[in-house]
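Visitor:
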Amino acid sequence: MFDKVLIANRGEIALRVLRACRELGVRTVVVHSSADADSLPVRLADETVQIGPASSRQSYLNAAAIVEAARQTGAQAVHPGYGFLSEDADFAEICAENGLTFVGPPPQVMAALGDKSTARALMSRAGLPLPPGSVRTLPTAADALDVAAEVGYPVIVKAAAGGGGRGMTVVRSAAELPRAYARTRAAAQVAFGDDRVYVERYLADARHVEVQVLCDNHGNGIHLGTRDCSVQRRHQKLIEEAPAPALRPATLDTLAETALRGALSVGFTGAGTVEFLVDEAERCHFLEINCRIQVEHPVTELVTGIDLVHEQLHVAAGTPLRLRQEDVQLRGVAVECRVNVEDPDRDFAPAPGRLDRFRPPGGPFTRVDTHGHVGYLVSPHYDSLLAKVAVWAPDRDGALDRLDRALGEFEVAGPGVRTTIPFARRVLRDAAFRAGRHTTALVERLLHPPAADAVPVAAPPPNGAAADRAAPAVPDIRADADPAGRTPVTAVPAAGPNAWRNR
Ligand code: MV4
1 MFDKVLIANR GEIALRVLRA CRELGVRTVV VHSSADADSL PVRLADETVQ
51 IGPASSRQSY LNAAAIVEAA RQTGAQAVHP GYGFLSEDAD FAEICAENGL
101 TFVGPPPQVM AALGDKSTAR ALMSRAGLPL PPGSVRTLPT AADALDVAAE
151 VGYPVIVKAA AGGGGRGMTV VRSAAELPRA YARTRAAAQV AFGDDRVYVE
201 RYLADARHVE VQVLCDNHGN GIHLGTRDCS VQRRHQKLIE EAPAPALRPA
251 TLDTLAETAL RGALSVGFTG AGTVEFLVDE AERCHFLEIN CRIQVEHPVT
301 ELVTGIDLVH EQLHVAAGTP LRLRQEDVQL RGVAVECRVN VEDPDRDFAP
351 APGRLDRFRP PGGPFTRVDT HGHVGYLVSP HYDSLLAKVA VWAPDRDGAL
401 DRLDRALGEF EVAGPGVRTT IPFARRVLRD AAFRAGRHTT ALVERLLHPP
451 AADAVPVAAP PPNGAAADRA APAVPDIRAD ADPAGRTPVT AVPAAGPNAW
501 RNR
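In this note's numbering, the protein residues as written are 1 to 503.
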């Protein structure tokens, strides 16, 4: 194990990593901006280095300053947390060149998976089911039209350099495609300096299910089950849970095994997440692989009893995996709510300020990850995540009740300060969510309920719980996914009769 690790992050995840280091007897260096000088992670660190002003670009994204801080303090490894430099292959490379262990996969693997089009091609080769679409990027609008004609509308134009929901446009018809193609390319050029795009069939009203994997530097890997992250608004997750609810055990097993196979096939190491969309028929479609510890990792920790940051540090130090697959037993249900300092009544605009009151919940099976405290000044410079409340219970109903109880205790107040807690509690009361049958369409429905006369009232679904599927925005994908009557595309590898998917 390392003697000293540099934590290149801030907020709750910097504290999370710091605590893991302390439990393992590893000394910590916390680098920070001027705005975070008296933050909790800085106060609890063994050593600190101020690396720049409040602006992230000059501090938490400043690779040269971080590497210099590691040199000055003698840190052997860098834990990047999530966000910031956590998926920056160039930063991982710079760490390696300076003799620092980056806690994450090798730079080449990060670069390959960071290119979403390359990731798609690699996973197709490993036999993972993909949404129908192009594997290569598409140099002209005519190419995009060809692919869209083959897979059927709606389609989604995605930037190869995007990911996490950034740089994508949904297109409903051929008439819209050329403009959407041009717009997505131009936006990708501005956002990522890379304008390559590809096209997939758009899978509406699916569930977002991801699999946690953990791989060592010796070719071994395990999976730690699934998480459902379908409760999202504009690609920001609000509530996450483990395991993914209301799926057949066979679907969960397939997802987990498929995810691990994909990760191992590209030499992935460390903690990673393989994202899928799961449609109504429980067909699974690979989306992307995230090369970092994720915000929602606590729900996996609560159902497995495994400390993912401990394991990340062990594998980064070169230790072979200490767990076999049979050592991973899922127990009960965990649910996490992100508490963002945002105003749901103002389109979730950041609502930062000083916290005059801050009283996090407690009680049995209730975990709060936060850097907040009374008097803390929430800065407008950074992400609005203030806390995560995660609970465990033997079953899903118990976990949802417990989360509602915990959120009811949470007091966060200050001038101008608003939080997403009331909105999250609305989600917890939603019938489709309660039944575990919600999809990524849930939040939009709560925010913008369909007109009363558009909702069928005569024939409610038999289980009374599928309200969010009453009025699909686009046709049911089962109805027209396969216009030519070919074998269902997601069940078949890319070569052979479905080679058209590899354009
Ligand atoms: C999609 C999709 C539908 N069809 N790809 C969003 C996050 C990024 N990982 C990929 N995303 C999506 N990709 C196809 N072919 C829908 C989404 C998507 C989404 C996914 C999960 C959770 C919420 C979402 C909200 C909008 C779009």
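Idealized CB from N, CA, C, for every residue including glycine.
Using the C-alpha atoms, what's the distance from Pro105 back to Ala92?
Guide: Here residue 92 corresponds to residue number 92 of the sequence shown, with the count starting at 1. Here residue 105 corresponds to residue number 105 of the sequence shown, with the count starting at 1. Taking the straight line from one Cα to the other gives about 9 Å.
Visitor: In whole angstroms, what separates the C-alpha of Val335 from that of Ala390?
Guide: As a first step, residue 335 must be located in the sequence shown, where it is residue number 335. As a first step, residue 390 must be located in the sequence shown, where it is residue number 390. Between Val335 and Ala390, the C-alpha separation is close to 5 Å.
Visitor: Along the alpha helix (DSSP H) that carries Thr258, what are the first and last residues, could you check?
Guide: Numbered from 1 along the sequence shown, position 258 holds the residue referred to as residue 258. Counting along the chain, the alpha helix (DSSP H) containing Thr258 begins and ends at 249 to 265.
Visitor: Where Val299 and His285 are concerned, what is the direct C-alpha to C-alpha distance, given to the nearest angstrom?
Guide: Counting from 1 along the sequence shown, the entry for residue 299 is found at position 299. Counting from 1 along the sequence shown, the entry for residue 285 is found at position 285. Approximately 23 Å between the Cα atoms of the pair.
Visitor: In this structure, what does DSSP give as the bridge partners for Asn217?
Guide: Along the sequence shown, one-based indexing puts residue 217 at 217. Per DSSP, none; premise fails for Asn217.
Visitor: Per DSSP, what are the beta-bridge partners of Cys284 in this structure?
Guide: To locate residue 284, count along the sequence shown from 1; it is residue 284. For Cys284, which the question treats as bridged, DSSP gives the partners Val278.
Visitor: Whose C-beta lies closer than 6 Å to the C-beta of Pro80 among residues of the same chain, with five residues either side of it excluded?
Guide: What you label residue 80 is simply residue 80 of the sequence shown in a count that begins at 1. Contacts found: Ala8, Ser86.
Visitor: Taking Val103 and Ala316 to be in contact with their CB atoms under 8 Å, please state how far apart those CB atoms are, rounded to whole angstroms.
Guide: Counting from 1 along the sequence shown, the entry for residue 103 is found at position 103. Counting from 1 along the sequence shown, the entry for residue 316 is found at position 316. Contact check for Val103 and Ala316: beta-carbon distance about 4 Å, within the 8 Å limit, so the pair qualifies.
Visitor: For Gln212, verify whether its CB is less than 7 Å away from any heavy atom of the ligand MV4.
Guide: As a position in the sequence shown, residue 212 is number 212, starting the count at 1. False, no ligand heavy atom lies under 7 Å from that Cβ.
Visitor: Is Glu275 near the ligand MV4, with its Cβ less than 7 Å from a heavy atom?
Guide: Locating residue 275 in the sequence shown gives position 275, counting from the first residue. Yes, the ligand MV4 has a heavy atom inside 7 Å of this Cβ.
Visitor: May I ask you to list the residues that DSSP assigns as paired with Pro350?
Guide: Walking along the sequence shown from the start, residue 350 turns up at place 350. DSSP lists Glu342 as partners of Pro350.
Visitor: Three-state secondary structure (DSSP) at Phe358?
Guide: Taking the first residue of the sequence shown as position 1, residue 358 is located at position 358. Looking at Phe358 - three-state DSSP - the assignment turns out to be strand.
Visitor: Counting along the chain, where does the alpha helix (DSSP H) carrying Asp90 start and finish?
Guide: Within the sequence shown, numbered from 1, the residue matching residue 90 stands at position 90. That run of the alpha helix (DSSP H) goes 89 to 97.
Visitor: Can you tell which of Asp36, Arg43, Asp46 has its C-alpha closest to the C-alpha of Gly52?
Guide: Position 52 of the sequence shown, counted from the first residue, corresponds to residue 52. If we check each option's Cα against that of Gly52, Asp36 comes out closest.
Visitor: Shorter than 7 Å, the distance from the beta carbon of Thr184 to the closest heavy atom of the ligand MG, or not?
Guide: This structure does not include the ligand MG; its bound ligands are the ligand MV4.
Visitor: Could you pull the start and end residues of the alpha helix (DSSP H) that Val67 belongs to?
Guide: If you number the sequence shown from 1, residue 67 lands on position 67. Residues 63 to 73.
Visitor: Output the boundary residues of the alpha helix (DSSP H) element that contains His310.
Guide: Position 310 of the sequence shown holds residue 310. From DSSP, the alpha helix (DSSP H) with His310 extends over 308 to 316.
Visitor: Going along the chain, which residues of its own chain have a beta-carbon closer than 6 Å to the beta-carbon of Gly267, five neighbours each way excluded?
Guide: Translated into positions along the sequence shown, residue 267 becomes position 267. Closer than 6 Å at the Cβ level, and outside the excluded window around Gly267, lie Val109.
Visitor: Under 7 Å: does the beta carbon of Tyr181 sit that close to some heavy atom of the ligand MV4?
Guide: To locate residue 181, count along the sequence shown from 1; it is residue 181. No.
Visitor: Starting from Val369, follow its DSSP beta bridges and name the residues at the other end.
Guide: Sequence index remark: in the sequence shown, residue 369 carries index 369 (1-based). The sequence given here has Asp at residue 369, not Val. Lys388.
Visitor: Name the two residues that bound the continuous alpha helix (DSSP H) containing Ser34.
Guide: Within the sequence shown, the letter at position 34 stands for residue 34. No alpha helix (DSSP H) holds Ser34; DSSP gives it neither H nor E.
Visitor: Could you tell me whether the Cβ atoms of Thr273 and Leu128 are closer together than 8 Å?
Guide: One-based indexing of the sequence shown puts residue 273 at position 273. One-based indexing of the sequence shown puts residue 128 at position 128. Against a cut-off of 8 Å, the Cβ pair of Leu128 and Thr273 comes out as no contact.
Visitor: State the DSSP-derived secondary structure class of Val147, mapped to helix, strand or coil.
Guide: One-based indexing of the sequence shown puts residue 147 at position 147. Note: Val147 maps to helix in three-state DSSP.
Visitor: Take the Cβ of Ala180 as the centre, count every other Cβ of all protein chains shown within 10 Å, and call the residue buried at 16 or more, exposed below.
Guide: Here residue 180 corresponds to residue number 180 of the sequence shown, with the count starting at 1. Counting Cβ neighbours within 10 Å, Ala180 comes out buried, since at least 16 surround it.
Visitor: Check each candidate in Gly375, Ala435, Ala413 and name the one with the smallest Cα separation from Leu400.
Guide: As a working note, residue 400 is residue 400 in the sequence shown. Comparing Cα-Cα distances from Leu400 to each of Gly375, Ala435, Ala413, the minimum goes to Ala435.
Visitor: Restricting to runs no shorter than 4 residues, where is the alpha helix (DSSP H) found entirely within the stretch 141 to 190?
Guide: Restricted to the stretch 141 to 190, the alpha helix (DSSP H) segments that are unbroken, complete and at least 4 residues in length are 141 to 151, listed in chain order.
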